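In the UniProt record's numbering, the protein residues as written are 1 to 174.
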């Protein structure tokens with residue numbers, strides 16, 4: 001973290017290529033935000049037993065000059081600084097980091113909205129204390145559906161999600 005509040009993540013390590021690309025996977029100019037892609041020897045072959053996620057995140061590297069080269073789509077936004085370092089700008093999706101674990105809020109919302117009687121669900125990461133985000137789930141119930149207690153909803157979510165993805169607070173909205 002630099003004095004001006006920006007987050008400098010440095011330069012690529014040996015045998016690694018870093019690309020900042022736009023939504024068409026074209027290189028962006030110096031100082032322009034783009035999605036961070038990693039290529040080179042350090043890129044894995046994919047996720048274990050997750051072919052769909054592997055296909056989304058591990059893509060062909062058109063810049064490497066080798067037909068089998070792949071690059072990893074991180075989902076992070078960054079920009080090149082004039083000194084050749086990268087400045088981290090955040091995420092380009094609904095992923096948040098809580099206690100060191102990356103969590104996709106949309107995945108929680110999807111499971112939450114599939115519970116019986118739930119009309120709509122929204123999950124946010126709230127910081128009641130600076131630097132200490134926690135998950136909060138907001139929901140509306142279907143008209144005429146039997147009301148569920150917060151504890152029943154929490155138990156149902158625990159059956160569908162790992163405990164670290166279950167919101168610590170559930171708020172019923174009218």
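Where is the CB? At the ideal position from N, CA and C, for every residue including glycine. Keep in mind the model is a prediction, meaning the values are calculated, not measured.
- Inclusion of residue 124 and residue 150 in the CB contact set at 8 Å is not warranted, their separation being larger than that value.
- The C-alpha of residue 55 is placed about 12 Å away from the C-alpha of residue 49.
- Secondary structure of residue 17 (DSSP, three-state): strand.
- Under the three-state reduction of DSSP output, residue 44 falls in the coil class, being neither helix nor strand.
- Here residue 115 really is in contact with residue 156; their C-beta atoms are around 5 Å apart, less than 8 Å.
- Remark: C-beta atoms of residue 118 and residue 141 approach each other more closely than 8 Å.
- In the assembly as shown, residue 127 is an exposed residue. Its beta-carbon has fewer than 16 other beta-carbons within 10 Å.
- When 45, 122 and 83 are compared, the shortest CA-CA separation from residue 172 is found for 122.
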